[in-house]
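Report on the following structure.
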Amino acid sequence: MVAITRRLLTTTFAATGVQALFGRAAFAADTVKFTLVLVNDIYKMGEEKGRGGFARLAGIVASERARSKNVLVFHAGDTLSPSLMSGFDQGAHIIELLNVAKPDVFVPGNHEFDFGEAVYLKRMAEADFPIFAANLRNSKDAMLPKHQDRAIFDFAGIKIGVVGIALAATKKISAENSLLFAPEMDTLAAQTKALRAEGADFIVACTHTPIDMDYEIARSGLVDVLLTGHDHDLRIEYDGKAVMVESGEEGQFITAIDFDAMVVTQDGKRVVSWRPHFRPTDSAEATPDPTALAIVKRYEGELAQQLDVEICKTAVDLDSRTASVRSEETNMGDLIADAIRASTGADVAITNGGGIRANKLYPAGSAITRRDILTELPFGNSTALVEISGADIVAALENGLSQVENRQGRFPQVSGMAVTYDPRQPAGSRVVSVTIDGKSLDKLARYKVGSNDFMVKGGDGYTALGRGKVLIGGTDGKLLANEVMVYVKRLGEVDLRTQGRVTAL
């Protein structure tokens, strides 16, 4: 999604009448210029079709730092996972690449915790850049090593206060851990108050938060600038009071914000006036950083021998595009759900669209390789099988369809059943009918449901899957990506079209 609000982008001063009192000449003569640069949600190390990737990101960062000494580079999280290589090294290559670009502020996203607490701490120990997460603590409520809550950066007398906020819902949507995530808004209020007390003139919050909370933060009056991640949107918004920016995904676009700021004393008080200028940079126009590019090529070479092996062909267009798998039945979703059902011997299978990650359309006649499957399923999830009631199946489906209008990752891709729903109804009351083997679902009957271990543990809100008896789970599940490889190799050719498994009225 691209939503760039241009209203008042370069013509409105924030929160003071300084220009009217002193005139444009006084402002121009005494301005301090500084730049904030944002990247978020970048997983793939290499570029695709000449855009994105870490080498182009590092090139843009180097260019911005050469352009001005007053630059702060922010990373709003989600990078250690999911990616093809992260399934092998748990994100170590990402840290090596980020150590080239070296953000001034890194805020962990929920995907930083996909491999568990110990791996997260190991990766952060390898990082050569500051980690900000004011609402993150260990199980004893102590700050984690190398982490900090906030900082003040001084650019020619303008004191910029920075606070980092992680996603409080991380414990529900990532791997199990003993870490403590405090509520975002409460933490932000306390931290911005502390920054003001410490002399900050200008507050920047870098957060990994969803769009509804982004708007809550931007309208709260707590911050001047919100730099955010999580939704994969390219958004630039400014209402004359606060700036809100998100830079899309995969480093395709990197947003720079140039500020003109001035500090004056008015009625004995220190007053700051500022004006933003927005520069979303298309990474296709960037020069890749040679050091980062060499690292990317080294890793890609190591992967190629094992992964670029054909396992089947597709006779039809095979759709794993993000917008599709999070909002409607797709044949890639069908294929993965079918593989789960075949592997586990389930009556039906449900998998979350958000776990399908390649965001790709494979044309008919394409060769499907190991790399393709691992790119589609990079999380390292295992197959799972539970026995639950029909009522719990309906509850699971209601959860999966509860945020379809927002294209959330919980959207259900299914096998062995046909689901009809009404998106006009309120969340929790959308399922109209469910049939299994051509018969209406019996809410009192027991069914074997195949899924993945993340969902059975309640991931993406699928708590209903954990209400019954776990038949396959924990250490006895098989790697989901491998099971899909086995399944498609057995098929030899994928000739699967959507079949009305999930249908909206």
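Every position in the sequence shown, counted from 1, becomes a number in my numbering once 94 is added. Note that CB positions come from ideal geometry on N, CA and C, so glycine has one too.
Report buried or exposed for Ala299, applying the criterion of at least 16 other Cβ atoms within 10 angstroms of its Cβ.
Its Cβ being crowded by 16 or more others within 10 Å, Ala299 is buried.
Relative to the C-alpha of Tyr515, which candidate in Leu535, Val508 and Ser523 has its C-alpha closest?
Ser523
Beta-bridge pairing of Phe275 - partner residues as DSSP gives them
Leu230
Of all the options Lys253, Phe209, Gly203 and Phe223, which has the alpha carbon lying nearest to the alpha carbon of Asn229?
Gly203
Using CA coordinates, which residue listed in Arg145, Arg392 and Ala386 is at the minimum distance from Gly342?
Arg145
Short of 8 Å in beta carbon distance, which residues of its chain neighbour Ala485, apart from the five on each side in sequence? Order them along the chain.
Lys537 and Leu538
What is the DSSP secondary structure of Lys551, reduced to helix, strand or coil?
coil
Using beta-carbon positions only, say whether Ile348 and Ser377 come within less than 9 Å of one another.
yes
Kindly indicate which residue of Ile351, Gly571 and Met139 has the alpha-carbon position closest to the one of Gly147.
Met139
Is the beta carbon of Asp172 less than 9 Å from the beta carbon of His371?
no
Sequence-distant residues of its chain with Cβ nearer than 6 Å to Leu495 (five each side left out)
Tyr515 and Arg524
When Ile467, Met307 and Ser272 are compared against Asn576, the one with the closest alpha-carbon
Ile467
Within its chain, find whatever has a CB closer than 8 Å to the CB of Glu310; leave out the 5 residues flanking it on each side and keep chain order.
Met279
Are the CB atoms of Gly544 and Thr477 nearer to each other than 9 Å?
yes
Nearest CA to the CA of Met307: which residue from Ala380, Glu142 and Leu261?
Out of Ala380, Glu142 and Leu261, Leu261 has the C-alpha closest to the C-alpha of Met307.
Would you be able to state if there are at least three C-beta pairs under 8 Å between the region 123-134 and the region 178-192?
no
To the nearest angstrom, how far is it from the Cα of Glu587 to the Cα of Pro277?
49 Å
Taking Pro374 as part of the beta strand (DSSP E), name the residues at either end of that continuous run.
Where Pro374 is concerned, the enclosing beta strand (DSSP E) stretches over Lys363 to Asp376.
Which partner residues of Asn446 appear in the DSSP bridge assignment?
According to the DSSP secondary-structure assignment, Asn446 is paired through a beta bridge with Pro506.
Tell me whether the beta-carbon of Ala212 lies closer than 9 Å to the beta-carbon of Lys240.
Against a cut-off of 9 Å, the Cβ pair of Lys240 and Ala212 comes out as no contact.
If I measure Cβ to Cβ from Ile98 and keep anything under 6 Å in the same chain, skipping five residues before and after, which residues do I get?
Confidence at Ile98 is low in this model, with a pLDDT of 45, below 50, so the placement of that residue should be treated as unreliable; the coordinate-derived value is given next. Only Ile330 meet the Cβ criterion.
Tell me whether the region 375-392 and the region 182-201 touch, counting them as touching only if at least three CB pairs, one residue from each stretch, are closer than 8 Å.
Here the region 375-392 lies against the region 182-201, with 3 or more beta-carbon pairs under 8 Å apart.
Tyr556 and Val550 closer than 9 Å at C-beta:
yes
Have a look at Ile530 and Leu491 and give me their C-alpha separation to the nearest angstrom.
Approximately 14 Å between the Cα atoms of the pair.
So which of Val201, Glu470 and Phe296 has the shortest CA-CA distance to Phe249?
Per the Cα distances, Phe296.
At which residue ranges does the region 460-533 contain complete beta strand (DSSP E) runs of 3 or more residues, listed in the order of the chain?
461-463, 477-483, 506-509, 511-515 and 525-530
So Leu178 is in the alpha helix (DSSP H); what residue range does that whole segment cover?
First-last for Leu178: undefined, no H or E at that position.
Nonlocal neighbours in the same chain, by C-beta distance under 6 Å from Phe209, ignoring five residues either side:
The beta carbon of Phe209 lies closer than 6 Å to those of Gln184 in the same chain, with the five residues before and after it left out.
Since Ser157 is in the alpha helix (DSSP H), which residue starts that stretch and which ends it?
Looking at the DSSP string, the run of the alpha helix (DSSP H) that includes Ser157 is Phe148 to Arg161.
Could you check whether the Cβ of Asp516 sits closer than 9 Å to any Cβ belonging to chain B?
Absent from the structure: chain B. Only one protein chain is present.
Is Phe207 helix, strand or coil by DSSP?
helix
Would you kindly work out how many angstroms separate the C-alpha atoms of Arg244 and Val317, rounded to a whole number?
13 Å
For a test of the three-state rule: what should DSSP assign to Ile136, helix, strand or coil?
Correct three-state label for Ile136: coil.
What residues match up with Asp354 in a beta bridge as DSSP calls it?
Looking at the DSSP output, Asp354 sits in a beta bridge with Lys127 and Arg369.
Asp413 in three-state terms, based on DSSP
strand
Roughly how far, in whole angstroms, is the beta-carbon of Asp198 from the beta-carbon of Val167, given that I think they are within contact range, below 8 Å?
Approximately 5 Å separates the beta-carbon atoms of Asp198 and Val167; this is inside 8 Å, confirming the contact.
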